[in-house]
Every structure is written in structure tokens, then in C-alpha cells.
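**Q**
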Amino acid sequence: MMDWTDRHCRYLHRLLSRETLLYTEMVTSAALVRGGALHLLKYDVAEHPVALQLGGSDPGELAKAAKLGADAGYDEINLNVGCPSDRVQSGCFGAVLMERPALVAECVAAMIAAVDVDVTVKCRIGVDDQNPEEVLPEFLSRIIAAGVTRVQIHARKAWLKGLSPKENRDIPPLDYPLVQKMKQYFPNLHISINGGITSLDQAEALLDSGLDGVMIGRSAYHQPVDILGTADRRVFGQGADMSGKDAVLGMIPYIEAHLVEGGRLNQITRHMMGLFAGRPGARHWRRMLSENASKPGAGPELVLAALNSVEALAETHEAV
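The working numbering numbers the first residue of the sequence shown as 2 and each following residue consecutively.
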């Protein structure tokens, strides 16, 4: 979710759900430790619970980055061993580390020693010609021995040779049964499943199958009300459902503060495009924001005008 789940996106998602655990976009340990890019750790306290996702392969550097994240107040530090992008491969982190479980174990052991918060791992079931039935249990055994108690497993292989990052999200077949089998092999390991989950119905079925959690990425981004707006009630038994209108009105003070700090409206509204997905006026909402939010002087009045237009179109649709 690089370039997607930034702090503005996470604030919006937290308005829709108080209970779900939010993750940052992946931040490299090198950027924090060697590059001094501490602005990447910025977040709003309203985002809690929120996890910092790190990318890297140097145990010492990851330990320092984890400490920076824990000191910044993150609730969890997550090591990404699943991202298949070329940039990640060239830096020897992400999914390519599925081929080096001993190094991953060394990395998480160093991170765990450095912080008091949970250190977790997001991984694939394997890469390239690996046999997931063989490599995944071995991989999990290694990181459990290093002290990891929670993992998120993307139930697809990553093909590092021959497929683009986008293709790696769709083409390799999903293997949910294998992830469910890992829960039987490692009953004390908290296992969340990821990959291809597009509805809360799917999520609830996977939870009912014995898995401990469900991680939803793209669908939660593109259909945030459908996924997050009802998750608290349906999954956690807490609170009331949230609507797109609720989220828009909740974002207005945040938008105003961002503009006062010198920010631009489109930095926030680009994450709000899906608030009315599947509902009357959704296309009009997206068009108003995409065409106008980047204009000089654009502010919350544009967002409210777009909301009013959506509501008017929805009323017309109901009348028909």
C-alpha cells in the first residue's frame, strides 16, 4: 500500500472504524536510520491503534528503525516480507526475503530486543519456484523461534521473475486452505490472512474458519464505507455503522487544520474518492474532487459542495 495508506488516508479510515488496526505504508529502515526521514513517522494520535510497517534486511538497522517507531508511539512494528516490487528486490527486502528465513529471524530477533511493542511479520506463502507447503512452515517456525507471535500471510506466491507488482496482486492463485493449515500447525501463532478479500462477508467466513484476523488492503481503500464503515458492528460488536456523509463531515476540521499548516486539499481528498462507491452520485463526487481539489484556494467548501450534490442526486434517485 505504498503511496496509499499515508497519514491522511489513515485518519479517514479511523473515522470509519474505531476498532480495526491500521497500518502505515511501508517505510524503509534506511530512510529512517540513514536518511533521517523522521517526517515519515508523523501521524495523528486519533489513528491508534496503528502499526508501522518497515522494509529492510539489516538486523541492526531494523532494530534502530523499530526503536524510532516505538518511541514515536506506534502500537506495533511490522516487518514486510511480502512486497514484490523491483525497487524492494534490488534492496534485498520485501518478498525476496522469503528465500532467506534465517536472515528474517535474525532481523525480527533484533527488533524484538529493541522495543517493548509487538513485532509482527507480513509475508507471502512463497516466491517463484518455492513449494509453499514446504517453505511456509519452515519460515514460520524460524520467526516463531525468534519471538514472533503474530503474522499476516498474503495467501499468494510472489513471482519475482516475470510478473509486475500489480500482476503479483492478482495472477498467482490464492491458497486460503494453506494459510488455514498453518493455523492448525501453529495453534498459538496469531495468523491473519490477506489477499483477494473484497467484502466483510468473506472476512467473517475466514474468521469463522479459525483464523485470528483478516487484513484487507485495496478493497478497504476503494470501498471504505462498505468495509470499514460496518466493521465495528459486524466484526467487533461495537458502535454504530458509519456513512460516507459521516466521514466527510468528520474530515472537515482535519482538512481545515491541514490547509492552515500549508497543505493542499488534494493531498487529502485523493483518499476520499471511494466514500460513495456503489451509491448514487459516486461518479459526480469523484469528478468534482478530482477536477477541482488541486486548484489554488480549494478548501473544505468544495468538499461540502460535492457532498451536497451527492445527497441531491441520491434524493433524485430515490424519487425515481
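Quick reminder that beta carbons are idealized off the backbone N, C-alpha and C, glycines included.
So the candidates are H9, T199, D176; which of them puts its Cα closest to the Cα of R157?
**A** Measuring from the Cα of R157, the nearest candidate turns out to be D176.
**Q** So what does DSSP say about E20, is it helix, strand or coil?
**A** In the structure shown, E20 sits in coil (DSSP, three-state: anything other than H, G, I, E or B).
**Q** Counting along the chain, where does the alpha helix (DSSP H) carrying L250 start and finish?
**A** Note, L250: alpha helix (DSSP H), 245–261.
**Q** Between E62 and the rest of its own chain, which residues show a CB-CB distance below 6 angstroms, the 5 nearest in sequence each way excluded?
**A** The answer, listed in chain order, is S30, V34.
**Q** Determine, using beta carbons only, whether R235 and E205 come nearer to each other than 9 angstroms.
**A** Yes, the pair counts as a contact, with Cβ atoms nearer than the cut-off.
**Q** With distance defined between alpha-carbon atoms, name the residue in Q153, V46, E100, G275 nearest to L308.
**A** Among Q153, V46, E100, G275, the Cα nearest to that of L308 is on G275.
**Q** Just the C-alpha distance for Q54 and K246, rounded to the nearest angstrom, thanks.
**A** C-alpha separation (whole angstroms): 30 angstroms.
**Q** Which residues in the same chain as E135 place their Cβ atom closer than 6 angstroms to its Cβ, once the five residues preceding and following it in sequence are excluded?
**A** There are no such residues.
**Q** Does C124 come out as helix, strand or coil in the three-state DSSP assignment?
**A** If DSSP states are grouped into helix, strand and coil, C124 belongs with the strands.
**Q** Write down every uninterrupted run of the beta strand (DSSP E) in the stretch 39–127 whose length is 3 residues or greater and which is fully enclosed by it, in chain order.
**A** DSSP runs (the beta strand (DSSP E)) wholly in the stretch 39–127: 51–56, 77–82, 119–125.
**Q** Among the residues of its own chain, which have a CB less than 7 angstroms from the CB of K162, if the five just before and after it don't count?
**A** If we look at K162 and ignore the five residues flanking it on each side, its Cβ neighbours are D129.
**Q** Would V46 pass as a contact of V109 if the rule is Cβ separation under 9 angstroms?
**A** No. Outside cutoff.
**Q** Roughly how many angstroms separate the alpha carbons of V321 and N293, rounded to a whole number?
**A** Summary for V321: the model assigns pLDDT 42, below 50, so the residue's position carries little reliability, and this model does not support an answer.
**Q** Do you know offhand how far R101's Cα is from A114's?
**A** Near 20 angstroms, if we compare the C-alpha coordinates of A114 and R101.
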